[in-house]
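To start, the structure under review is shown below, and the notes come after it.
Protein chains in written order, with this note's numbering: chain R, 1 to 111; chain H, 112 to 383.
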């Protein structure tokens, strides 16, 4: 189904995209420097991915020794692989954001 | 102790007086969400403990406590979805917080004209999002099979000696890649144009990385539309038509809505 209702199907991506949008109708007294929304979403997915994977594997897999259970071992490897990829991506984005933040902070302090 | 104020959204006071705001716990799970009418506009807010919700606390939580961020962002959004069902609402950004009620009143009063203008712009309308995802393998095959430039290049290569063919094939791959991007962009622009015909306003947003969407397909278009309520069904029909047409080219569409007018209620301010 191509058409979805935001409340039933909203992913964290959709919601963060909306609620953290940079444009501001009216500003509050508290000004929070937000990291890049995409970066935050990737970080959240990093957590969610681990939890989902853990569920997929079965609730009991970590109770057995992962090194003795080949199934758990395979899945751990897949998980580690995915985490590594996500972390690499994160590092790249983080260094980008640091540069951007500096610019934002400078322009803020001028205003 | 003076309490801080968490502001969710702004609604017309007349609409607020007509429909009761259901009782709901606020941002801190303790205080109740309520309305503060200020002339034509009423603020929907909840109180917050001033000592607990400092600037540094929120910044720290937002950037480093992702479970907190996720939970609170959904809370903020859930309240706005509720408001959007009941009223014409200007949704505010996550964590729009004032030091006290007086400060909120001063801020809103000073921008009353723009806010009422925003309200009238979104009154009776819905905000919808359309994302297009592309399975590049399918489109690549189409492009590779039907593009005349590629076809000519391929013929040319087959007549070359084997050693030269290797490098020329590499170049051909790059050409296919470029043509694929061009084709994908054109298809998305076409979809966007067709959909914009039903909208009062439309905008193109940034595409998200695969790592953020968690999908196999690339996001190749991300756009937002402001629709008159009576145009929504026709708009969604058009989405279906486009989806059927584009499906065989490997493009999938995803329409979501109605969203609180996060995007279009702030446009007036952005143009300043």
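All C-beta atoms, glycine included, are put in the ideal place defined by N, C-alpha and C.
Every value quoted in this text rests on a predicted model; they were computed, and no experiment measured them.
Considering only DSSP beta bridges, list what residue 245 of chain H is partnered with. H:329 and H:362
Counted within 10 angstroms of its Cβ, other Cβ atoms place residue 289 of chain H as buried (16 or more) or exposed: exposed
For residue 302 of chain H and residue 243 of chain H, which I take to be in contact (beta-carbon distance under 8 Å), what is that distance rounded to the nearest angstrom? 6 Å
How long is the line joining the alpha carbons of residue 28 of chain R and residue 172 of chain H, rounded to whole angstroms? 18 Å
What residues in the segment 162-175 of chain H bring their beta carbon closer than 7 Å to a beta carbon of chain R? 166, 169, 170, 173 and 174
Could you pull the start and end residues of the beta strand (DSSP E) that residue 312 of chain H belongs to? Start and end: 312-315.
Taking 7 Å as the threshold (C-beta atoms), are residue 364 of chain H and residue 343 of chain H in contact? No.
Examine chain R for any beta-carbon lying closer than 7 Å to the beta-carbon of residue 232 of chain H, and answer yes or no. no
For residue 374 of chain H, which of helix, strand or coil comes out of DSSP? Residue state, collapsed to three classes: coil.
Residue ranges of each alpha helix (DSSP H) within the segment 197-234 of chain H, 4 or longer: Assignment of alpha helix (DSSP H) within the segment 197-234 of chain H, counting only whole runs of 4 or more residues, yields 212-221 and 223-233 in chain order.
Do residue 39 of chain R and residue 97 of chain R come within 7 Å of each other at the CB atom, strictly closer than that value? yes
Starting from residue 87 of chain R, find everything on chain H with Cβ-Cβ shorter than 7 Å and list it in chain order. Simply none; closest approach about 10 Å.
Could you check the C-alpha separation between residue 246 of chain H and residue 229 of chain H for me, to the nearest Å? 38 Å
On the three-state DSSP scale, how would you describe residue 163 of chain H? Looking at residue 163 of chain H - three-state DSSP - the assignment turns out to be coil, as it is neither helix nor strand.
Helix or strand or just coil, what does DSSP make of residue 146 of chain H? Three-state result, residue 146 of chain H: strand.
Residue range of the alpha helix (DSSP H) that residue 273 of chain H falls in? Segment 273-307, the alpha helix (DSSP H) holding residue 273 of chain H.
Return no unless some Cβ of chain H is closer than 7 Å to the Cβ of residue 97 of chain R. no
What are the residues that DSSP puts in a beta bridge with residue 155 of chain H? H:120 and H:146
Residue 91 of chain R at chain H interface by Cβ criterion, 7 Å: no
Can you name the residues that DSSP bridges to residue 136 of chain H? H:143
So that I know if they touch, is there some Cβ in chain R lying closer than 7 Å to that of residue 325 of chain H? True, the Cβ-Cβ gap to chain R drops below 7 Å.
Taking Cβ positions, are residue 118 of chain H and residue 156 of chain H nearer each other than 7 Å? Yes, Cβ-Cβ distance for residue 118 of chain H and residue 156 of chain H is below 7 Å.
Contact check, residue 170 of chain H vs residue 32 of chain R, beta carbons under 7 Å: yes
Under the assumption that residue 116 of chain H contacts residue 208 of chain H (Cβ atoms under 8 Å), give the Cβ distance between them as a whole number of angstroms. 7 Å
In three-state DSSP terms, what is residue 334 of chain H? strand
Thinking C-alpha only, which one of H:151, H:140 and H:150 is nearest residue 159 of chain H? H:140
Would you tell me roughly how many angstroms separate the C-alpha atoms of residue 214 of chain H and residue 377 of chain H, rounded to the nearest one? Going by the C-alpha atoms only, they are around 21 Å apart.
Determine contact between the segment 190-206 of chain H and the segment 294-309 of chain H, defined as no fewer than three beta-carbon pairs at a distance below 8 Å. no
Counting beta carbon pairs with one atom in the segment 185-196 of chain H and one in the segment 11-21 of chain R, are three or more of them shorter than 8 Å? yes
Exposed or buried, residue 259 of chain H, counting other C-beta atoms within 10 Å across all chains shown (16 or more means buried)? exposed
Once you ignore the five residues that flank residue 93 of chain R on each side, which residues in its own chain have a CB closer than 8 Å to its CB? 36, 38, 39 and 42
For the alpha helix (DSSP H) containing residue 324 of chain H, name the first residue and the last one. 321-324
Bounding residues of the alpha helix (DSSP H) (the contiguous stretch that carries residue 342 of chain H): Membership of residue 342 of chain H in any alpha helix (DSSP H) is not indicated, and neither H nor E is assigned to it by DSSP.
In the structure shown, what three-state DSSP assignment does residue 114 of chain H receive? coil
Could you give the DSSP three-state label for residue 260 of chain H: helix, strand or coil? helix
Residues that residue 319 of chain H contacts on chain R, provided the C-beta gap is smaller than 8 Å: By Cβ distance, chain R contributes 13, 17, 38 and 41.
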